[in-house]
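First the structure, in the form of structure tokens, and then the observations on it.
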């Protein structure tokens, strides 16, 4: 689970990875014969029994530097990924965080990502926690965001990503009812189905050795617990 791929002077939540570090991390996967893919490709391969060697790569919030920096690196390695966009903040900034605002991708950037053959998913509308949310909020964040992105992409996204990893049974039901086939959260000790896929955070502190160790440990944990790893 990535967020920003750029150089940030103020990063209190450790959300940014520099382009050099990101390239190092992708190279580590490639050297091991692993390939980064979108959530859609990973789940399709898993359903076909051919997901061996694939690693799901996701980018939350929709920062412009993901298109500027991560996209060309992914293309060089023959990788792809899923870019989760906030439909109500396109061309804006991450105003939900304190400190210097980070710019969010505009419609042209979204199309550039999609035109590369990469998946675009919804991260909601305004970056709102969905656990305990009222029905109107769920509708705006889940169904309305899907419609807005469909107008840009020409097709509705199939994947959703919960802001802050916050969701409950009502949120998962709203996501499913809106037409999403899957949704991503954060790492969890409980298996909750395709609309709460677990992920692990990757940051600047993670070297190539960390990446491989984390991947091995995470997959081992999921296998032992009887749950699939994203």
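Residue numbers (my numbering): -2 to 227.
Where is the CB? At the ideal position from N, CA and C, for every residue including glycine.
Item to check | CA nearest to the CA of residue 115, picked from 213, 76 and 132 | outcome: Working through the chain shown from its first residue, we reach residue 115 at position 118. The candidate whose alpha carbon is nearest that of residue 115 is 76.
Next on the checklist: Please report the straight-line C-alpha distance between residue 221 and residue 184, rounded to a whole angstrom.
Outcome noted: Taking the first residue of the chain shown as position 1, residue 221 is located at position 224. Taking the first residue of the chain shown as position 1, residue 184 is located at position 187. At residue 221 the pLDDT is 49, less than 50, meaning the model places this residue with poor confidence and gives no usable figure here.
Checklist entry - How many whole angstroms separate the CB atoms of residue 151 and residue 182, which I take to be in contact at a CB cut-off of 8 Å? => result Numbered from 1 along the chain shown, position 154 holds the residue referred to as residue 151. Numbered from 1 along the chain shown, position 185 holds the residue referred to as residue 182. No, residue 151 and residue 182 are not in contact; Cβ-Cβ is about 28 Å, not under 8 Å.
Checklist entry - Is DSSP giving residue 199 helix, strand or coil here? => result As a position in the chain shown, residue 199 is number 202, starting the count at 1. Coil.
Checklist entry - Does the distance from the C-beta atom of residue 33 to that of residue 120 stay below 8 Å? => result Your numbering for residue 33 matches position 36 in the chain shown. Your numbering for residue 120 matches position 123 in the chain shown. No, these two residues do not count as a Cβ contact at 8 Å.
Checklist entry - Out of 100, 202, 130 and 214, which has the shortest C-alpha to C-alpha gap to residue 63? => result Numbered from its first residue, the chain shown carries residue 63 at position 66. The option with the nearest alpha carbon to residue 63 is 100.
Next on the checklist: Is the beta carbon of residue 175 closer than 8 Å to that of residue 126?
Outcome noted: The count along the chain shown starts at 1 and reaches residue 126 at position 129. The count along the chain shown starts at 1 and reaches residue 175 at position 178. No, they are not a contact pair.
Checklist entry - Which runs of the alpha helix (DSSP H) fall wholly inside the region 90 to 152 and span at least 4 residues, in chain order? => result 104 to 112, 132 to 135 and 142 to 150
Checklist entry - Should residue 11 be labelled buried (16 or more other beta-carbon atoms within 10 Å of its own) or exposed? => result Residue mapping note: residue 11 aligns to position 14 of the chain shown, counting from 1. Label assigned to residue 11: exposed.
Item to check | Reduced DSSP secondary structure (H/G/I, E/B, other) of residue 221 | outcome: By one-based count along the chain shown, residue 221 stands at place 224. In this prediction, residue 221 scores a pLDDT of 49, lower than 50, which makes its location untrustworthy; the coordinate-derived value is nonetheless stated afterwards. Looking at residue 221 - three-state DSSP - the assignment turns out to be helix.
Next on the checklist: Using 8 Å as the threshold, is the C-beta distance between residue 31 and residue 39 below it?
Outcome noted: The sequence position of residue 31 within the chain shown is 34, counting from 1. The sequence position of residue 39 within the chain shown is 42, counting from 1. No. Outside cutoff.
Checklist entry - For residue 118, is the classification buried or exposed, using 16 other Cβ atoms within 10 angstroms of its Cβ as the cut-off for buried? => result Along the chain shown, read from residue 1 onward, the residue named residue 118 stands at position 121. Flag for residue 118 reads buried.
Next on the checklist: Closer than 8 Å is the cut-off here; do at least three beta carbon pairs connect the region 86 to 93 with the region 41 to 49?
Outcome noted: The region 86 to 93 vs the region 41 to 49: no contact.
Checklist entry - Of the residues 7, 9 and 13, which one's Cα is nearest the Cα of residue 1? => result Taking the chain shown and counting its residues from 1, the one referred to as residue 1 is at position 4. Comparing Cα-Cα distances from residue 1 to each of 7, 9 and 13, the minimum goes to 13.
Checklist entry - Going by C-alpha distance, which of 29, 122 and 23 is nearest residue 73? => result Counting from 1 along the chain shown, the entry for residue 73 is found at position 76. Checked all of 29, 122 and 23; the closest Cα to residue 73 is 23.
Next on the checklist: I need the straight-line Cα distance from residue 19 to residue 67, nearest angstrom please.
Outcome noted: Along the chain shown, one-based indexing puts residue 19 at 22. Along the chain shown, one-based indexing puts residue 67 at 70. If I take the Cα positions, the gap works out to 8 Å.
Next on the checklist: Run through the DSSP bridge pairs and tell me what residue 14 is partnered with.
Outcome noted: For this step, residue 14 is matched to residue 17 along the chain shown. Per DSSP, 2.
Checklist entry - In angstroms, rounded to a whole number, what distance separates the CA positions of residue 55 and residue 36? => result Within the chain shown, the letter at position 58 stands for residue 55. Within the chain shown, the letter at position 39 stands for residue 36. Each residue's Cα considered, the two are about 7 Å apart.
Checklist entry - By Cβ distance, which residues of its chain are closer than 8 Å to residue 104, with the 5 residues on each side in sequence left out? => result If you number the chain shown from 1, residue 104 lands on position 107. 87, 88 and 149.
Next on the checklist: Within 10 Å of its beta-carbon, does residue 172 have 16 or more other beta-carbons around it, so buried, or fewer, so exposed?
Outcome noted: Taking the first residue of the chain shown as position 1, residue 172 is located at position 175. A buried status is given to residue 172, since no fewer than 16 other beta-carbon atoms sit within 10 Å of its beta-carbon.
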